[in-house]
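As you go down the protein sequences, you meet chains A and B in turn.
Heads up: the first sequence is residues 278 to 1019, going by this note's numbering.
Heads up: the second sequence is residues 3 to 256, going by this note's numbering.
A virtual CB, placed ideally from N, CA and C, is assigned to each residue, including glycine.
The structure under discussion appears below in the form of structure tokens.
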Amino acid sequence: MGAGGGFMLAESIKHPVEHLIPYAVPPEEFSSGIATWYNSICGMCPAGCGISVRTREGRAKKIEGNPSHPVNQGRLCALGQAGLQVLYNPDRLTAPMLQSGERGSGEFVQTTWNEGLSEVASRLSASTNNDGIYFVSEGVRGHLANLFELFMNELGSANLLHYDFAHPHSLYAANNHLFGERQLPYYDIRNSRYLLSFGADYLNDWLSPVHHGLGFGHSRQGNGDARGRFVQIEPRMSISGASADEWIPATPGSEGILALGIAQQILAGGNYQGTDADDWNAALATYSAAYVEDKTGVPADTVARIASEFSHAEPGLAIGGGAAGNHTNGVDTLVAVNALNYLVGNIGKPGGVVFNPDPVVGSSTAGRQANFAAMQDLAENARQGAIEVLIINNTNPLFTLPPGAGLKEALASIPLVVSLSSFMDETTAMADIILPSHTYLESWGDDMPQPGVGFSVGAVSQPVVSPLYNTRATGDIILGLAGKMGLGEAMGWDSMEDYIKDGWRNVYERSSPDAGGFDSFWREVLTSGAWGENTRNSNSVVIDKQVIDNIAVAEAEFSGNPDEYPFVLHPYLSTTLYDGRGANLPWMQELPDPMTSIVYGSWVELNPQTANEMGIQDGDLLRITSEHGSIEVPAVTFPAIMPDVVAMPIGQGHEEFGRYARNRGSNPIQILAPNMDAVSGSLATSATRVSLAQTGRRAAPVKTGGESRQLGRNIVQSTGADGDSAGHSAKLNSIPIVVDPA
Amino acid sequence: MNIMERFISSWQKYRKPGYYEDFDYAWTMSIDLDRCTGCSACVTACQAENNIPIVGEKELAKGREMHWIRIERYWEGEYPNAKLKFIPMLCQQCDAAPCETVCPVSATYHNQDGLNTQVYNRCIGTRSCAVYCPYEVRYFNYNSHHWDSPLDQQLNPDVSVREKGVMEKCTFCIQRVRQAKDHAKDDGRRRVQEGDIQPACVQTCPSEALVFGDRKDSNSKVAKSLADPRAYHVLDELNTLPSVVYLKKVDSDG
């Protein structure tokens, strides 16, 4: 009887209504069973690729590249593909929250938007000193960047910072120094015949990897018989190094000396005919073959050969970045790399360095980019009690700054920390008020990609699904705050959508004011997702004699003395997790690292010879110690790394950031010395020396790949450049098959 | 004729070269190893398109990876002359597929387009096909997989979610092939044309290393790839007649 009653009760409880189609009144373009595609902008890294998102029944199903966007031309990287897991992440913040316990205790209570915004607005209004208001955002462009400017302007504070761990500060500084252009130019890899890369992992994380991938493919096999040659100079082989024709290990920090050595050889070979040749000869006299070999470890005849190949390539292109730009002499190095481009005369030419026009909407944010020095200042100001309110937008400095910056401790002296984020990351966990933002797939926005592709490109991002939770677009949060503070006069837009649409009227005016009115123009931009204007700059560059005279590369400095700390630590952006932002995406955690096939973890790479001498086996748990801390990581032998360098991917080691990221692996940034590039003030991430010690424990990382050598199986076959010199038969189905006559 | 001779004779009949010429289409993928950068965009694109489960660290440690396309990497030489070569590996859609002959329930068979297809609800999970596959590209569901809500909202409604005990593998995005054929029919075209179909991996490939098409169309890019002097099949000596053709990497230093 009791059992029967229980059964009846269980059966009669109504199941929650499941919404197969999450619209009460579906939008016009919606029909069940048929996919709708929306063009938008990828928000996973600063490259700004265009995306087309496939939706079915109001849900996003697949992200593909937008074929009409000139940056990625329909293509996309793995991280871009995984954007769906940002939108549908189970660990998203779903409503505004107030800290209820002590800061950092992780205790929050939900609140309403009205209350959350009012609280922040009243604290902003009550601040006694306008410059006590700080706004630290991820790197944003377009109208959102303008809106931040406007908002901070209205508040009377100059303290607006854009902070991204991987922002190439030293490259901006170097371009400014040599060419007088504080911007990222377009590096035309597609049309170059010889790419000389100093540390820039351009196929993986540097500036605009998908666009570089397109260029790489074309240069390799898209030009008939003229196959581009790729040379990579770096202490540890990256993805780009593996794809290159030649990988050259050079002593960490000596890349700039090598570049000047190559430059000196170009001059000595009589391959530079400019009127300022004498100035260059004088400036580079120090960088003789013997000197360069001594400093870089690269044989003199290799330097001479590369100089000859590079100057005869027509056009050759030199790029620099990654670890080479992240030493204490980073700007010197990148200036030296730029000098190579100048000497072979590829500035402003196809296959060379093309400067981009100014953005069409939004202003350049180059002056707002916060380098390490700026973040240190921020921490110092906080300690002085000069910061009353700190607003953080979708950036995670507590994860990406070395503890030496002192930011975490400094937060204690800031009375109010507000975070605008979609996730509970390390920085958001320390906030007093969380105003959760939409993901990029739910927001309006626009973008002028940096670097562009040599001409003006604009793109608009639009929501592809209705918001999942009680979150708001970042722009709308700012407008909401402005409304609460009575800044309506200067910032009177109802929504971010209105603001962007307003701004794009200017673009309309300048492009085609008579073609059917703004509304049809706007619809066209939304449909194609991108707008372009063929205004290629044809700039030639003249370099001041004084600049040439002063070209030199200082010796790189390292933290820790070589006897105690024999290895240089080479941290690199993870292929799968970028700067750590991919760590909460299960697809990215499960994507094997292409170089090692490792999933779900951290590891330290060391040369097999070094490992052998120290008695270290693959999977031994090592303690890596620098002057600034220590971490434990399993060892992985890596055949293409210098014997006195150890490399570690950045991205794991989160303490927060959801179930997939938390307590997994370790973060090499935790042990970095707070060394800076002398000129740009950016963090010299490659300037830390470390020691290794066995812990006696094992913690082999999970690998998906099997045997890492071919063992005669001939799976990956190669051929010589001039045909089939490797001796493999190119004939398909070479074994004769006996056919049954019946 | 003893049993062995009979076996050899039927085997040869089955392996008559060119039998696939009778198919409607002969879908082929060409992979240019000189363009491939190992970036792994194809792997994630495939995972998104084909509802490939998240298996978790523990299962991966047991070798139970599920990616239908993977990047294999092979080191050559030692420091400082070490080289790393990548090769995307996926179901080769063999025309003489070893996996098909061993399935006791014909869960895997050849369809009218020359694709090696897997019927999930016919599969009984003997795993023989995976044993016979020389390319190691068949993946078995040791568990029923789970998507933490709301990750399941991303699942592609055009592709089934596989249950425990079922073998799965690359389908050349057969759902896209079907859809393109439907569209061609609706448009009044008789045949699907070059460019109508791009599997997810091909669509996303940044360096355009992956190309997909019908090799029966002599103007298609894949037909041209087959004629390229760099063309080869992986494990060609096994005579599996793969529908994936690789173009050799150019090693300019030897």
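Checklist entry - Given PRO869/A, which residues of its chain have a CB within under 7 angstroms of its CB, disregarding the five upstream and five downstream residues? => result ILE875, VAL876, THR981 and GLY982
Next on the checklist: Is there a C-beta anywhere in chain B that falls below 8 angstroms from the one on VAL354/A?
Outcome noted: It should be pointed out that residue 354/A corresponds to Cys in this sequence rather than to Val. So yes, CYS354/A belongs to the interface.
Next on the checklist: Is it buried or exposed, LYS64/B, if we count other Cβ atoms within 10 angstroms and call 16 or more buried?
Outcome noted: exposed
Item to check | Secondary structure of SER738/A, DSSP reduced to three states | outcome: strand
Item to check | DSSP bridge partner residues for LEU472/A (one or two, in chain order) | outcome: PHE507/A and LEU594/A
Checklist entry - What is the C-beta distance between GLU657/A and LEU693/A, in whole angstroms, given that I count them as a contact (C-beta under 8 angstroms)? => result Between LEU693/A and GLU657/A the Cβ distance is about 19 angstroms, and since that is not below 8 angstroms, they are no contact.
Next on the checklist: Using 8 angstroms as the threshold, is the C-beta distance between ASP34/B and GLN498/A below it?
Outcome noted: yes
Checklist entry - Run through DSSP, which three-state label would HIS847/A get? => result strand
Checklist entry - Exposed or buried, GLU51/B, counting other C-beta atoms within 10 Å across all chains shown (16 or more means buried)? => result buried
Checklist entry - Of all the alpha helix (DSSP H) runs that stay within the bounds of the stretch 657-706 of chain A, which reach a length of 4 or more residues? => result 674-677 and 684-688
Checklist entry - What residues in the stretch 323-350 of chain A bring their beta carbon closer than 8 angstroms to a beta carbon of chain B? => result ARG333, GLU334, ARG336, ALA337, LYS338, LYS339, ILE340, GLU341, GLY342 and ASN349
Checklist entry - Do we get a CB-CB distance below 8 angstroms when we pair THR39/B with the residues of chain A? => result yes
Checklist entry - Looking at C-beta atoms only, is the number of pairs between the stretch 95-109 of chain B and the stretch 127-135 of chain B that lie closer than 8 angstroms three or more? => result yes
Checklist entry - I think ALA359/A touches THR46/B, with their Cβ atoms under 8 angstroms apart; what is that distance to the nearest whole Å? => result 6 angstroms
Checklist entry - If you draw a straight line from the C-alpha of ILE54/B to the C-alpha of ILE340/A, how long is it? => result 15 angstroms
Checklist entry - Out of curiosity, what's the CA-to-CA distance linking HIS455/A and ALA536/A? => result Note that residue 455/A corresponds to Leu in the displayed sequence, not to His. Going from the Cα of LEU455/A to the Cα of ALA536/A covers about 15 angstroms.
Next on the checklist: I'd like to know whether the C-beta of SER797/A is nearer than 8 angstroms to at least one C-beta of chain B.
Outcome noted: no
Item to check | Member of ASN884/A, ARG941/A, ALA527/A and MET891/A whose CA lies at the smallest distance from the CA of GLU909/A | outcome: ARG941/A
Checklist entry - How long is the line joining the alpha carbons of HIS235/B and MET31/B, rounded to whole angstroms? => result 11 angstroms
Checklist entry - Which class does LEU86/B belong to by DSSP, given the choice of helix, strand or coil? => result strand
Checklist entry - Can you round the beta-carbon distance between VAL913/A and PRO839/A to whole angstroms, since I take them to be within the 8 angstroms contact cut? => result Rounded, the Cβ-Cβ distance is 24 angstroms, inconsistent with contact.
Checklist entry - Where does GLN120/B fall in DSSP's three states? => result strand
Checklist entry - In chain order, what residues of the same chain lie with their CB nearer than 7 angstroms to the CB of GLY215/B, ignoring the 5 residues before and after it? => result THR30, GLU196, SER222, LYS223 and VAL224
Next on the checklist: Quick check: is the beta carbon of PRO59/B nearer than 8 angstroms to any beta carbon in chain A?
Outcome noted: Reading off the sequence, residue 59/B comes out as Glu, not Pro. True, the Cβ-Cβ gap to chain A drops below 8 angstroms.
Item to check | Top-ranked residue by Cα proximity to PRO208/B, from ALA647/A, ARG352/A and THR852/A | outcome: ARG352/A
Next on the checklist: Taking a contact to mean a Cβ-Cβ separation below 8 angstroms, would you say SER696/A touches ALA682/A in this structure?
Outcome noted: no
Checklist entry - the stretch 852-885 of chain A: which residues have C-beta closer than 9 angstroms to a C-beta of chain B, in chain order? => result THR852, THR853, PRO863, TRP864, MET865, GLN866, GLU867, LEU868, PRO869, ASP870, PRO871, MET872, THR873, SER874, VAL876, TYR877, GLY878, ASN884 and PRO885
Item to check | Within chain B, the residues that ARG986/A reaches when beta carbons sit closer than 9 angstroms | outcome: TYR76, TRP77 and GLU78
Checklist entry - How many angstroms separate the CA atom of THR677/A from the CA atom of GLY357/A? => result 21 angstroms
Item to check | Cβ contact check for the stretch 197-206 of chain B and the stretch 172-183 of chain B: 3 or more pairs under 8 angstroms | outcome: yes
Checklist entry - Beta-carbon of THR605/A versus every beta-carbon of chain B: anything under 8 angstroms? => result no
Checklist entry - Buried or exposed: which applies to HIS148/B, given that a residue is buried once 16 or more other Cβ atoms fall within 10 Å of its Cβ? => result exposed
Checklist entry - Starting from LEU92/B and walking both ways along the beta strand (DSSP E), at which residues does that stretch end? => result Here LEU92/B belongs to no beta strand (DSSP E), and DSSP marks it neither H nor E.
Item to check | Where ILE754/A falls: helix, strand or coil (DSSP) | outcome: helix
Checklist entry - Listed from N- to C-terminal order along the chain, which residues in the stretch 463-488 of chain A have their beta-carbon within a distance smaller than 9 angstroms of any beta-carbon of chain B? => result LEU480, ASN481, PRO486, VAL487 and HIS488
Item to check | Unbroken beta strand (DSSP E) run spanning TRP770/A, endpoints | outcome: Looking at the DSSP string, TRP770/A is not in any beta strand (DSSP E), and its letter there is neither H nor E.
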